Amino acid sequence: MDTQKTPMDFKFIARLGEGAYSQVFRCREVGTNATFAIKVLEKEHLMKHQKMGAIIREKKILEFMTKDLNGHPFISSLYSNFEDKDRIYFVLNIAEAGDLKESLHHFHRFDLATVKFLSSEILSGLSFLHTHQIVHRDMKPENVLIKKDGHIVIADFGSAKTTKFEEEEEEEIQKTSSEDSDEKEDVEQEKEQERRTTFVGTALYISPEMLNDGAVGAKSDIWALGCMIYEFLAGKPPFTGINQYQQTRKVHENNITFDDFPESAKISDPKLRITTDQLMAHQFYKDINWKTITTTKPTVPLEKYSLYKEREEVLDEDVLPGFDLARLIKLSDGLPMSPSMELDLKDLFAAAAVPVVVPQPKLNAREKAEREAALDVQRRDNDYHQLLDGYLVLKQGILHKKRGFFARKRMFLLTDGPQLVYVDPSNKKARGKVPWTPCMTIEYVNPKLFNIHTPGRTYILYDYNKTAEEWCRAIEDVRVKYAAQIKKIYDKGMEEGNFHEIYGKIRPNRNR
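Going by my numbering, the residue at position 492 of the sequence shown is 479; the numbering climbs one at a time, nothing skipped.
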């Protein structure tokens, strides 16, 4: 790896996001003041979960595209990469205006002009990849980032595949891994696992051939793009279900209905499926100049597909270079990291977030009179009672809800019913509800961090009182107690197509 750069060459200003195996930070290079996104990966975590080979492949593909092919404006570029004893660092071009998953959650769907603009830039990027025998294999809205100039960037090549670097990958894995025999065995198991793997990507956008025999090629990326275009127009993915099994079954059946959605766009056989060149020649893109698309100003205003607002430049004079001083982003409007808000990153890289399984506690039966008495106290003493429709609060507290680059301070109220409402404590206005679904999972990460996974969104919640485990147990207890009612509401909402109206934001507001 690149020996010219080290963590001391960068100031780690703010945390932008996290994946299953990485953290991404907004950084400024010392000397040049250039801003980058640095992806940080823990070696121990990668080895434990047999992902070292995928990371080495990602690095090789990024290097090849950036250095050998001189890059592409709509594809992530690798500025530098280096490592130390514990971590691997990828220095990437930064996209500061969010991603399309966030945009879809806020806007629900896009108008036709926006769909054409976004899909044409994605298609241009895919054409570049496929021309050079690179398959992304995990195309989905959250892997399409938005730059502040309005253009998109296809990111996250952790699942990408090419035939160019297989021998080099094996050598690099051996260099990066220690000589410990157990780690060598892990590498061999990883290689064998990859040979057997038949499920790569995300169930909502996975192609039929990947489900049938694991074959993955450029046509799989085209299928995923088709799914995204459908979602851009319809406001939901074409193949949805309450769990992964139902989603994959619908992919097999390929049975979707949408006015004017052509049958030619639903071809299951990859041999018959359209190519990037054929799609670029489609009538839908007749006014797109593919030769100048990368240098042409976006044809749609940024505010139609991004929540990004230009902010004052973050002052980072007090931020010292080096990763050892970096901690979780201060939970405000992108200010430099503060020692008072430190959170050990070892916790954040902790083993692959396993859904919490909480035994149902022994609860005392609540008599009607006891509940009414508790509600009387709540009416008198709880400032948020009027927002809860007569439900009884079981647990409440301040959590910081991460959305995009920042985390918003919210009062969360868990009630019987069930409800999980979040409120802006500054003005006592309800901002939204976490949707209860049969496939909802609660994920404990560490005492200060937990996630709630629901269809289409993960709620990332920070608790600086270190009571994340208590929250997980309380939410899981309520989910189990009301399981039958949750399923009934969810099934009815999905059948009638109004589930997003039952749950979700109280009113459109980018600060929720």
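Note that the Cβ used here is the ideal one computed from N, Cα and C, for glycine as well.
Note that this is a predicted model, so its numbers are computed, not measured.
query: Determine whether the beta carbon atoms of I62 and I133 lie at a separation below 8 Å.; result: no
query: Hey, K388 and Y409 are a contact pair by Cβ (cut 8 Å); roughly how many whole angstroms apart?; result: 6 Å
query: Would you say I447 and I462 are within 8 Å of each other, going by their C-beta atoms?; result: no
query: Between the alpha carbons of K46 and I25, how many angstroms are there, rounded?; result: 13 Å
query: Can you tell me whether Q180 is buried or exposed? The criterion is at least 16 other CB atoms within 10 Å of its CB, across all chains shown.; result: Reliability of the predicted coordinates at Q180 is poor, the pLDDT of 46 falling under 50, and no value is obtained from them.
query: On the three-state DSSP scale, how would you describe Y292?; result: coil
query: Report buried or exposed for S413, applying the criterion of at least 16 other Cβ atoms within 10 angstroms of its Cβ.; result: exposed
query: Do you know offhand how far K382's Cα is from G4's?; result: 28 Å
query: Within the same chain, show all residues whose beta-carbon is closer than 7 Å to that of S255, passing over the 5 residues directly before and after it, in chain order.; result: P195, N241
query: Reducing DSSP to helix, strand and coil, say where M126 ends up.; result: coil
query: Evaluate Y76 with the Cβ neighbour count: other Cβ atoms within 10 Å of its Cβ, from every protein chain shown; 16 or more gives buried, anything less gives exposed.; result: buried
query: Please list the terminal residues of the continuous beta strand (DSSP E) segment that includes V203.; result: Careful: V203 lies outside any beta strand (DSSP E) and carries neither H nor E.
query: Does K388 come out as helix, strand or coil in the three-state DSSP assignment?; result: strand
query: Rounded to whole angstroms, how far is the Cβ of D368 from the Cβ of K415, which I believe are closer than 8 Å?; result: With 8 Å as the limit, D368 and K415 do not qualify as a contact, their Cβ atoms being about 14 Å apart.
query: Give the secondary structure of A24 by DSSP, where H, G and I count as helix, E and B as strand, and everything else as coil.; result: strand
query: Can you check which of these residues, I48, L105, F97, L28, is closest to K72 by C-alpha distance?; result: L28
query: Give the DSSP bridge partners of K273, in chain order.; result: Its beta-bridge partners do not exist; DSSP assigns none.
query: At which residues does the alpha helix (DSSP H) containing K468 begin and terminate?; result: 455 to 468
query: Answer with buried or exposed for Q10, where buried requires no fewer than 16 other C-beta atoms within 10 angstroms of its C-beta.; result: buried
query: If you pair each beta-carbon of the segment 118 to 127 with each one of the segment 35 to 43, do three or more pairs fall below 8 Å?; result: no
query: How big is the Cα-Cα spacing for K223 and H95?; result: 8 Å
query: In three-state DSSP terms, what is D264?; result: helix
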